[in-house]
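Undergrad: If you scroll down you'll find the structure; I have some questions about it.
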């Protein structure tokens, strides 16, 4: 039957499709548009049927390496292409059904190992959740709910960590990529997801419903904070303050907290606030160190950075909640961050603090017997101490100085300014 459909499509006369010499009356244009739309939908449905047959015939090959193999990647990219390209309403509904089948047949592809395919799928589904068509929004919301619910079942009804984290990350990306994300249409889609969780009787006595509610609440928090950020994009202090409050709300999700701390650092660097940027790097590094300590990979957690700043205790509040199990930090990532931290402190002229960072790096390079890196570190340390000696003798170091001005009492600001300015 599939072969017959393909032959039928192949035998269509070109004069019936993209024929520019066709009549230009309204009826002709309408007929031509309908014909092309129907053929496009038919091509989509035929491709979906072909993919379905392919996944049945080559299921064992597609399951190799828990679904992370070149063949699965190609099949998945074709499915994803249907969401990335504009399709008819009928075609999209069938695409959502086909994706449900794919998720059900190959759950390990989305819930184990690398998160790239799960991340890409979440991103495209969330874009559809902002569609102008209510039917597409409903279908997309239900598909996203199915992805979360299937993830929950896959873990033995414990959690849907993978999908939770990737949805939040995708929302953060969509804010920058899609105009109007977070509006009424998107909020309606979030409500549909909540309603699906509340009405699902099979998970009534589990934590799933409350976890879904927590996820949608966090999404709304990100959207609200981002809207405020756009209002204050020309006010760097307010912008950083908003990003800090958002980073604070993700104490239980290290990867997202790191994302917002990195964003704060970029704003500080842009505005020339190098000491503040260096402190952001310190917090990011302490966050990763604390995570690795809890995983038994690194001996010292965030307390090792307390000598640099007492505020580092914020990173100790990391809860073993969603996101902790699906973060791929390792010792190499920590080493890169430690060196970034030292570089930031050097640029900020905080030479005395570089030694405290290098105390954490040197033992690791000694264990690896990486003498080239050790020589570089000790050379940098020598230059840092020389700089400290130099500024101690000269007394010249242009660090930031801040004054907090406050007015107390009922006297108006205008009268105070008049008093101050009157002698002038």
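In the UniProt record's numbering, the protein residues as written are 1 to 424. Here a beta-carbon is modelled for each residue, glycine too, at the ideal position from N, C-alpha and C.
1. Whole angstroms are fine: how far does the CA of residue 242 sit from the CA of residue 230?
2. Do you know whose CA, among 188, 63, 171, 294, lies nearest residue 108's CA?
3. Can you find at least 3 beta carbon pairs, one from the segment 185-195 and one from the segment 134-142, that sit closer than 8 Å?
4. Is it true that the CB of residue 151 sits closer than 8 Å to the CB of residue 104?
5. Note down, in chain order, each residue of its chain lying with its Cβ closer than 6 Å to the Cβ of residue 170, except the 5 sequence neighbours on either side.
6. Return helix, strand or coil for residue 60, following the three-state DSSP convention.
7. Whole angstroms is fine: what's the gap from residue 300's alpha carbon to residue 54's?
8. Check whether the segment 273-285 touches the segment 331-349, counting contact only when three or more Cβ pairs, one atom from each stretch, lie closer than 8 Å.
9. With distance defined between alpha-carbon atoms, name the residue in 115, 350, 237, 51 nearest to residue 396.
10. If you follow the alpha helix (DSSP H) that residue 245 is in, where does it begin and where does it stop?
11. Please go through the same chain and pick out, in chain order, the residues whose beta-carbon is closer than 8 Å to the beta-carbon of residue 239, but skip the five residues on each side of it.
12. State the DSSP-derived secondary structure class of residue 200, mapped to helix, strand or coil.
13. Which same chain residues, not among the five before or five after residue 322, have their C-beta less than 7 Å away from its C-beta?
14. What do you reckon, are the CB atoms on residue 341 and residue 303 nearer than 8 Å?
15. Considering Cα atoms alone, identify which of 149, 256, 356, 83 is closest to residue 432.
16. Following the continuous alpha helix (DSSP H) through residue 221, name the residue where it begins and the one where it ends.
17. What would DSSP say about residue 376, mapped onto helix, strand or coil?
18. For residue 83, which residues of its own chain have a beta-carbon under 6 Å away from its beta-carbon, when the five flanking residues on both sides are left out?
19. What residue from 208, 235, 186, 245 has the CA that sits closest to residue 220's CA?
20. Given residue 86, which residues of its chain have a CB within under 6 Å of its CB, disregarding the five upstream and five downstream residues?
21. Tell me which same chain residues have a C-beta within less than 7 Å of the C-beta of residue 45, skipping the five on either side of it?
22. On the criterion of 16 or more Cβ atoms from any shown chain inside 10 Å, does residue 272 qualify as buried, or is it exposed?
23. Which residue comes first and which comes last in the alpha helix (DSSP H) that contains residue 344?
24. In the structure shown, what three-state DSSP assignment does residue 114 receive?
25. When the distance is taken between beta carbons, is residue 222 closer than 8 Å to residue 275?
26. Closest by CA to residue 52, which one among 68, 99, 264?
27. Residues in its own chain within less than 7 Å of residue 369 by CB, not counting five upstream and five downstream?
28. State the DSSP-derived secondary structure class of residue 129, mapped to helix, strand or coil.
29. For residue 72, is the classification buried or exposed, using 16 other Cβ atoms within 10 angstroms of its Cβ as the cut-off for buried?
30. Counting only the same chain and skipping the five closest in sequence on each side, list residues whose C-beta sits under 6 Å from that of residue 30.
31. Among the residues of its own chain, which have a CB less than 8 Å from the CB of residue 374, if the five just before and after it don't count?
32. What residue range is occupied by the uninterrupted alpha helix (DSSP H) comprising residue 96?
TA: If we stick to the structure as given:
1. Each residue's Cα considered, the two are about 11 Å apart.
2. That would be 63, whose Cα lies nearest to the Cα of residue 108.
3. The segment 185-195 is in contact with the segment 134-142.
4. Note that the C-beta distance between residue 104 and residue 151 is not below 8 Å.
5. Within the same chain, residue 170 has close Cβ partners 122, 123, 126.
6. Three-state DSSP puts residue 60 in a helix.
7. The straight-line gap from Cα to Cα measures roughly 50 Å.
8. Below 8 Å, enough C-beta pairs join the segment 273-285 and the segment 331-349 to call them touching: three or more.
9. If you compare the alpha carbons of 115, 350, 237, 51 with that of residue 396, the shortest gap goes to 350.
10. Run containing residue 245: 236-248, per the alpha helix (DSSP H) assignment.
11. Closer than 8 Å at Cβ, skipping near neighbours: 229, 232, 233, 267.
12. Residue state, collapsed to three classes: coil.
13. In this predicted model, residue 322 has a pLDDT of only 47, less than 50, meaning its place in the structure is not dependable; the value taken from the coordinates is given anyway. Cβ within range, chain order: 159, 161, 164, 165, 252, 253.
14. Contact annotation: residue 341 and residue 303 have beta-carbon atoms that are not nearer than 8 Å.
15. Nothing in the structure corresponds to residue 432, since the chain is present only between 1 and 424.
16. Its alpha helix (DSSP H) spans residues 208-231.
17. Helix at residue 376.
18. For residue 83, where only same-chain residues beyond five positions count, the Cβ hits under 6 Å are 124.
19. Taking only the C-alpha atoms, the option nearest residue 220 is 186.
20. If we look at residue 86 and ignore the five residues flanking it on each side, it has no Cβ neighbours.
21. Hits under 7 Å: 91, 94.
22. Result: exposed.
23. Here the alpha helix (DSSP H) through residue 344 covers 331-347.
24. Here residue 114 sits in coil by DSSP.
25. The Cβ atoms of residue 275 and residue 222 lie no closer than 8 Å to each other.
26. When 68, 99, 264 are compared, the shortest CA-CA separation from residue 52 is found for 99.
27. If we look at residue 369 and ignore the five residues flanking it on each side, it has no Cβ neighbours.
28. Here residue 129 sits in coil by DSSP.
29. In the assembly as shown, residue 72 is a buried residue. Its beta-carbon has 16 or more other beta-carbons within 10 Å.
30. Sequence-distant Cβ neighbours of residue 30 in its own chain, meaning closer than 6 Å and more than five residues away, do not exist here.
31. Result list for residue 374: 362, 365, 366, in chain order.
32. 89-105 is the extent of the alpha helix (DSSP H) around residue 96.
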